[in-house]
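Number of protein chains: 2
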Amino acid sequence: MLYLVGLGLSDETDITVKGLDIVKKASRVYLEAYTSILLVDQSTLVMRPVLTQFDESYYGRSIIVADREMVEFDSNLESESNELLRYAATEDVALLVVGDPFGATTHADLVLRARQLGIPVTTVPNASIMNGIGACGLQLYNFGQTVSMVFFTDNWRPASFYDRVRENRQIGLHTLLLLDIKVKEQTIENMMRGNKVFEPPRYMTVGQCARQMLEIEEEKAEGVYGPDSLAIGAARVGGRNEKFVAGTLKELCDADDALGPPLHSMVLLGRRAHELERDFARDFAIDKESWDSIWARDYGKQDAPAAPEA
Amino acid sequence: MLYLVGLGLSDETDITVKGLDIVKKASRVYLEAYTSILLVDQSTLVMRPVLTQFDESYYGRSIIVADREMVEFDSNLESESNELLRYAATEDVALLVVGDPFGATTHADLVLRARQLGIPVTTVPNASIMNGIGACGLQLYNFGQTVSMVFFTDNWRPASFYDRVRENRQIGLHTLLLLDIKVKEQTIENMMRGNKVFEPPRYMTVGQCARQMLEIEEEKAEGVYGPDSLAIGAARVGGRNEKFVAGTLKELCDADDALGPPLHSMVLLGRRAHELERDFARDFAIDKESWDSIWARDYGKQDAPAAPEA
Numbered sequence: 001m002l003y004l005v006g007l008g009l010s011d012e013t014d015i016t017v018k019g020l021d022i023v024k025k026a027s028r029v030y031l032e033a034y035t036s037i038l039l040v041d042q043s044t045l046v047m048r049p050v051l052t053q054f055d056e057s058y059y060g061r062s063i064i065v066a067d068r069e070m071v072e073f074d075s076n077l078e079s080e081s082n083e084l085l086r087y088a089a090t091e092d093v094a095l096l097v098v099g100d101p102f103g104a105t106t107h108a109d110l111v112l113r114a115r116q117l118g119i120p121v122t123t124v125p126n127a128s129i130m131n132g133i134g135a136c137g138l139q140l141y142n143f144g145q146t147v148s149m150v151f152f153t154d155n156w157r158p159a160s161f162y163d164r165v166r167e168n169r170q171i172g173l174h175t176l177l178l179l180d181i182k183v184k185e186q187t188i189e190n191m192m193r194g195n196k197v198f199e200p201p202r203y204m205t206v207g208q209c210a211r212q213m214l215e216i217e218e219e220k221a222e223g224v225y226g227p228d229s230l231a232i233g234a235a236r237v238g239g240r241n242e243k244f245v246a247g248t249l250k251e252l253c254d255a256d257d258a259l260g261p262p263l264h265s266m267v268l269l270g271r272r273a274h275e276l277e278r279d280f281a282r283d284f285a286i287d288k289e290s291w292d293s294i295w296a297r298d299y300g301k302q303d304a305p306a307a308p309e310a
Numbered sequence: 001m002l003y004l005v006g007l008g009l010s011d012e013t014d015i016t017v018k019g020l021d022i023v024k025k026a027s028r029v030y031l032e033a034y035t036s037i038l039l040v041d042q043s044t045l046v047m048r049p050v051l052t053q054f055d056e057s058y059y060g061r062s063i064i065v066a067d068r069e070m071v072e073f074d075s076n077l078e079s080e081s082n083e084l085l086r087y088a089a090t091e092d093v094a095l096l097v098v099g100d101p102f103g104a105t106t107h108a109d110l111v112l113r114a115r116q117l118g119i120p121v122t123t124v125p126n127a128s129i130m131n132g133i134g135a136c137g138l139q140l141y142n143f144g145q146t147v148s149m150v151f152f153t154d155n156w157r158p159a160s161f162y163d164r165v166r167e168n169r170q171i172g173l174h175t176l177l178l179l180d181i182k183v184k185e186q187t188i189e190n191m192m193r194g195n196k197v198f199e200p201p202r203y204m205t206v207g208q209c210a211r212q213m214l215e216i217e218e219e220k221a222e223g224v225y226g227p228d229s230l231a232i233g234a235a236r237v238g239g240r241n242e243k244f245v246a247g248t249l250k251e252l253c254d255a256d257d258a259l260g261p262p263l264h265s266m267v268l269l270g271r272r273a274h275e276l277e278r279d280f281a282r283d284f285a286i287d288k289e290s291w292d293s294i295w296a297r298d299y300g301k302q303d304a305p306a307a308p309e310a
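Line order of the protein sequences matches chains A and B.
Numbering follows this note's numbering, with no gaps: position 164 of the first sequence is 164.
Numbering follows this note's numbering, with no gaps: position 104 of the second sequence is 104.
Right, dumping it as structure tokens:
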């Protein structure tokens, strides 16, 4: 049996009682990502939060840190198995996953492979950023598709997020933006010398995200959003010290000090928002008067152009 | 301190270790909903799953079943407190909530009132149907807004869901449909006699939902979806016996026996779907050949009309 156990959003006590029971009984336990090693890779970044504190000794047993090869598959090699599935064919194997097991496409792929090999799979759900963001006060049913924002470089500034945000905003919905994480980066020098020395991880901040968004709007000038658009910056969602800051995109460019350490994420508000959402998020506002006046002008509209008869 | 503790989706072992610790230490523990009593009310139905099995004795302490008056507020009465907040002002009070604390607007309202009274609030996240539905194999970032489907009656057939579904489908996104629950209903006779006798709870099934959807499409004839549109029926999501059935809306009209007992929910697929989603859900298909051919014809399109340059 293969168990996929969600660890939740913040620390080792966010595991469920059901999940902890599996960890204690399984013959092998793999941990896919944790703070000090941060095995987050680009392909699965989109959906994966990172635990801010994590003490594996809490579970009272040895845990194998799973690297990419143990979990993922090379799509060029058909019918490939991997270490995880080889053991799971005959033993109870648990893979601990930050957030919820179905946050990353990697795990859907793993389940699919296990099925093909006739290995039973049990998943233990947990909170992920996709529902944890509800703590900012915006209602989850008012969110559209989720987008990811990557670090721009001098010659790579992918703007596909802009079209996704437009689609959401055209029908009045909020957009959750998941922010880039860079880990295991090497300097060119270390790479050339073959030194396995990695740069410190980099986490995109709400300020960086807001600036990149405004940069692309300035370039495209299609009015999908602007410096006055309301948004909520979120830090360490689901953790004991989670923090939200609400304001305009322009204000959020300078909100990183207020938000504190990673991980950050952001929500751009849709105009079909409810007054309970306004009041809840207002408490997080950098400038409450500006929040109120922009809201009154642009938000709280229950109909949207795409549904004229609604 | 007021603690809002998410219970997760299925049974009493879905609470997190952090949540259980709070339950053990709090001076008063309220439980907002559980199987045998089902305190689900219409206004908060949209976001709230219901535990399929729940044994409060598991927590090893007495738990107060919170009725509506203890948790909600009458919006006509300003600055109203309630039992929960009166105790929370001086003691550690925990309110256990099925799913995630921010699944229902009620809890956002409760947090807002607590803030106004200067009562600190801590929330403990957990899985909700909003992310648990990821177990059907559809990627959460491809979902649009969530809609609710209520039981039609002879003279009340609210069709506002139709516009929301259209908005999602126009940009190629999946739609999660949360299905109606009727509890504490009385017969007219019992109501007139003042007998506090309630009818057995009713849960909408995937079959009922699919039929209502097709009925409205037939009436409106705007082609938002049709009998051939692909969807996934879900039962007891997050539970040990969760079940998915995939097929056309027409096929799902008759899938209730295959899905089994409540709670049911449903996802209508958007055409901007990925082949991993196709392959994962195909295993749940009533008719795999029909699934494949309809998918090849209508799904897996990465661009959508609302974003021509995407």
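Ideal placement from N, C-alpha and C gives every residue a C-beta, glycine not left out.
Assigned secondary structure, residue i (DSSP; H/G/I helix, E/B strand, else coil)
i        : result
B:Ile64  : strand
B:Gly99  : strand
A:Ile119 : coil
A:Val17  : helix
A:Arg28  : strand
A:Met266 : strand
B:Leu7   : coil
A:Ala311 : The structure shown does not extend to residue 311 of chain A, since chain A is modelled only from 1 to 310, so the question has no answer here.
B:Lys196 : coil
B:Gly233 : strand
A:Ala221 : coil
A:Tyr299 : coil
A:Thr90  : coil
A:Arg282 : helix
B:Thr187 : coil
B:Phe152 : coil
B:His174 : strand
Neighbour flag for residue i against chain B, beta carbons, 8 angstroms
i        : result
A:Lys24  : no
A:Asp292 : no
A:Met70  : no
A:Glu309 : Since pLDDT at A:Glu309 reaches only 33, below the 50 mark, its modelled position is unreliable, and the value read off the structure follows with that caveat. So, interface residue.
A:Leu252 : no
A:Leu328 : Past the boundaries of the shown model lies residue 328 of chain A; chain A is included only from 1 to 310, so the question cannot be answered.
A:Arg297 : no
Chain-ordered chain A contacts of residue i [CB-CB under 8 angstroms]
i        : result
B:Ile15  : Thr16, Val17
B:Leu20  : Val17
B:Thr123 : Ala135
B:Leu140 : Met47, Phe102, Gly103, Ser128, Met130, Thr146
Contact list for residue i against chain B, beta-carbon separation under 7 angstroms
i        : result
A:Met149 : Simply none; closest approach about 13 angstroms.
A:Gly300 : In chain order: nothing, as chain B lies at least about 15 angstroms away.
C-beta neighbour in chain A for residue i, strict 8 angstroms
i        : result
B:Pro120 : no
B:Tyr3   : no
B:Tyr143 : Here the sequence assigns Phe to residue 143 of chain B, which means Tyr is not the residue at that position. Judged by the 8 angstroms Cβ criterion, B:Phe143 is in contact with chain A.
B:Thr146 : yes
B:Asp109 : yes
B:Gly60  : no
B:Leu112 : yes
Distance between beta carbons of residue j and residue i, contact taken as under 8 angstroms
i        : j        : result
A:Cys136 : A:Ala255 : Their Cβ separation, rounded to whole angstroms, is 13 angstroms, which puts A:Cys136 and A:Ala255 out of contact at 8 angstroms.
A:Val165 : A:Leu268 : 6 angstroms
B:Pro227 : B:Leu259 : Their Cβ separation, rounded to whole angstroms, is 19 angstroms, which puts B:Pro227 and B:Leu259 out of contact at 8 angstroms.
A:Met130 : B:Met130 : 7 angstroms
A:Ile15  : B:Thr16  : 6 angstroms
A:Met1   : A:Pro125 : The pair is not a contact, with the Cβ atoms about 17 angstroms apart (cut-off 8 angstroms).
9 angstroms Cβ cut-off: residues of chain B touching residue i
i        : result
A:Ile171 : Gly144, Gln145, Arg164, Glu167, Asn168, Gln170, Ile171, Ala306
Contacts that residue i makes with chain A (C-beta to C-beta distance below 7 angstroms)
i        : result
B:Arg115 : Asp283
| Mind listing which residues of the stretch 175-202 of chain B have their C-beta closer than 9 angstroms to chain A's C-betas, in chain order? | Leu176, Leu178
| task | Check distances from the C-beta atoms of the stretch 259-290 of chain B to those of chain A and list, in chain order, the residues that come in under 7 angstroms. | result | Leu276, Asp279, Phe280, Asp283
| query | If you measure beta-carbon to beta-carbon, which residues of the stretch 209-240 of chain A are closer than 7 angstroms to chain B? | reply | Gly238
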